[in-house]
Amino acid sequence: MIIDAHAHIFPYLGTPAGFRSVKEHMRVLQFYVVGHSQPVRRLRDHAIVEAPTLARAPLVGPQQLNEVGFHVGENGRFLWEYEGETYYIHFMPPSLQTNACTPELLLAQMAYVGVDVAVLQNAHLYGRLNEYFATAQARYPDKFIALAEVDEVHADSEAELRDLRVAIRDLGLRGIYYANRAFFFDGYRTSFDDPRYDVFWETVRALGIPVFWELAGVPENTRESYLREVDRLHRWATRYPEIPAILTHGLDPELLKAPIPEPLARLLAHEQVWIEILYPIGWGRAHEYPYPELRPALQALYDCLGGERLVWGSDMPNVERNCTYRQSLDYLRRYCPFIPSRDMDSILGGNLAELFGLA
Numbered sequence: 010m011i012i013d014a015h016a017h018i019f020p021y022l023g024t025p026a027g028f029r030s031v032k033e034h035m036r037v038l039q040f041y042v043v044g045h046s047q048p049v050r051r052l053r054d055h056a057i058v059e060a061p062t063l064a065r066a067p068l069v070g071p072q073q074l075n076e077v078g079f080h081v082g083e084n085g086r087f088l089w090e091y092e093g094e095t096y097y098i099h100f101m102p103p104s105l106q107t108n109a110c111t112p113e114l115l116l117a118q119m120a121y122v123g124v125d126v127a128v129l130q131n132a133h134l135y136g137r138l139n140e141y142f143a144t145a146q147a148r149y150p151d152k153f154i155a156l157a158e159v160d161e162v163h164a165d166s167e168a169e170l171r172d173l174r175v176a177i178r179d180l181g182l183r184g185i186y187y188a189n190r191a192f193f194f195d196g197y198r199t200s201f202d203d204p205r206y207d208v209f210w211e212t213v214r215a216l217g218i219p220v221f222w223e224l225a226g227v228p229e230n231t232r233e234s235y236l237r238e239v240d241r242l243h244r245w246a247t248r249y250p251e252i253p254a255i256l257t258h259g260l261d262p263e264l265l266k267a268p269i270p271e272p273l274a275r276l277l278a279h280e281q282v283w284i285e286i287l288y289p290i291g292w293g294r295a296h297e298y299p300y301p302e303l304r305p306a307l308q309a310l311y312d313c314l315g316g317e318r319l320v321w322g323s324d325m326p327n328v329e330r331n332c333t334y335r336q337s338l339d340y341l342r343r344y345c346p347f348i349p350s351r352d353m354d355s356i357l358g359g360n361l362a363e364l365f366g367l368a
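Be aware that the sequence shown starts at 10, since it is given in this note's numbering, and climbs by one per residue.
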């Protein structure tokens with residue numbers, strides 16, 4: 010069984026998609042685009058533009074986002090106006106003509122490549138989609154494992170705690186997607202290890218669900234700030250050893266060069282912490298398939314964690330801006346002879362099957 014740990018479904022991204030308004034959704038999308046690895050281009054000649062247009066430094070809160078009429082277009086593009094020019098970014102692949110990915114589109118992609126099950130990651134940029142995910146999972150229960158979205162800043166409120174319990178117990182969602190950079194919308198005044206959120210984490214523990222972490226360096230994503238957040242996650246894992254934690258989007262290959270930084274080594278010592286192998290979405294823009302430069306990092310991950318604490322993910326449909334869905338699987342499946350077949354089977358699905366009770 011092949012299980013993709015990281016896939017997305019979503020309605021047209023230009024709608025509220027569960028937010029209170031289109032404007033609120035666009036502010037979240039705009040934040041996610043600032044500093045993204047995809048280049049910003051000027052529409053009239055498609056030239057890459059390095060100068061900042063979406064926000065002002067330092068990026069410490071929503072007041073730093075520029076008013077630029079940010080909106081969702083077609084064919085994978087998000088667009089905005091700044092000082093008389095129109096700019097865009099290909100956040101999605103050009104082939105995503107409507108900037109929507111229905112459950113049926115993802116299922117067709119999975120069938121073509123031979124992926125049996127997909128974990129649906131519920132990141133804020135796509136919307137507040139718990140009910141949308143629940144509907145898809147109920148319609149295709151053997152194909153989708155749907156995660157819940159949470160409002161990290163207000164996760165301690167009774168309303169959010171109630172919504173979490175409803176998402177898991179009533180809607181049937183199987184875990185949560187949690188992004189530390191969501192605290193941007195509260196000016197980074199606090200973070201996930203603040204004592205005010207103890208009630209939230211105790212609820213997660215009581216529900217017996219895993220957390221899929223989107224961990225970034227904040228407020229600016231540097232090596233130093235990222236390692237600070239890694240250390241924060243280490244402290245969290247020490248306090249909540251019963252909660253499975255999957256770190257999405259992999260680890261920067263530079264951090265896997267010996268000696269591994271001490272904060273990361275401490276985090277990886279926690280048995281509950283798994284790492285998602287997901288590189289083409291970022292690495293593939295500047296490197297050619299099958300990404301031979303990645304193999305030392307992949308071997309370092311395997312040597313450190315073995316086959317029991319690694320899972321493969323694609324980031325479909327986004328990854329198709331850099332490679333095909335099949336290539337996002339085959340660079341790992343076919344080009345890592347140092348991983349025995351039994352462990353490869355675990356990484357490609359066995360571990361998640363056990364985690365979610367599918368085995």
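Glycine is no exception: its CB is placed at the ideal position from the N, C-alpha and C atoms.
Annotated as distal: residue 150 and residue 329, with beta-carbon spacing of 8 Å or more. Pairing residue 314 with residue 277, the inter-Cα distance amounts to about 8 Å.
Below 8 Å, too few C-beta pairs join the region 131–147 and the region 342–351 to call them touching: fewer than three. With fewer than three CB-CB distances shorter than 8 Å, the region 262–275 does not count as touching the region 210–225. Assigned with DSSP and collapsed to three states, residue 233 falls in helix. Within the model, the alpha-carbon separation for residue 287 versus residue 167 is close to 35 Å. Between the alpha carbons of residue 316 and residue 272 lies a gap of roughly 22 Å. For residue 157, the closest alpha carbon among the candidates 358, 31, 169 is that of 169. Excluding sequence positions up to five before and after residue 116, its CB lies within less than 8 Å of the CB of 149, 152, all in the same chain and listed in chain order. Ranked by Cα distance from residue 291, the first of 259, 214, 304, 32 is 259. Between residue 32 and residue 86, the alpha-carbon positions lie close to 17 Å from each other. Given a length threshold of 3 residues, each whole run of the beta strand (DSSP E) inside the region 166–251 is given here in chain order: 185–188, 220–223.
For residue 99, the uninterrupted beta strand (DSSP E) run begins and ends at 94–99, by DSSP.
Looking at the backbone, the Cα of residue 217 and that of residue 199 are separated by about 25 Å. Between residue 340 and residue 289, the CB-CB gap stays under 8 Å.
Cβ neighbours of residue 21 within its own chain (closer than 8 Å, five residues either side excluded): 81, 107, 108, 109. Residue environment for residue 238: buried (at least 16 other C-beta atoms within 10 angstroms of its C-beta). Within the region 129–166, the alpha helix (DSSP H) runs of at least 4 residues that lie entirely inside it are, in chain order, 139–148. Residue 13 and residue 45 have their alpha carbons spaced roughly 23 Å apart. Judged by DSSP secondary structure, residue 51 falls within the beta strand (DSSP E) whose first and last residues are 49–51. DSSP places residue 121 in the helix class (H, G or I) of the three-state scheme. Counting along the chain, the unbroken beta strand (DSSP E) around residue 90 starts and ends at 86–91.
Comparing C-alpha distances from residue 210 to each of 196, 182, 163, 193 shows the shortest one belongs to 163.
A buried status is given to residue 359, since no fewer than 16 other beta-carbon atoms sit within 10 Å of its beta-carbon. With distances taken between CA atoms, residue 43 lies nearest to 75 out of 188, 280, 53, 75. Taking the Cβ atoms as the reference, residue 138 lies roughly 6 Å from residue 27, within the contact range of under 8 Å. Here the alpha carbon of residue 188 sits roughly 24 Å from the alpha carbon of residue 307. If you ignore the 5 residues before and after residue 160, its C-beta comes within less than 7 Å of the C-beta of 169, all in its own chain and listed in chain order.
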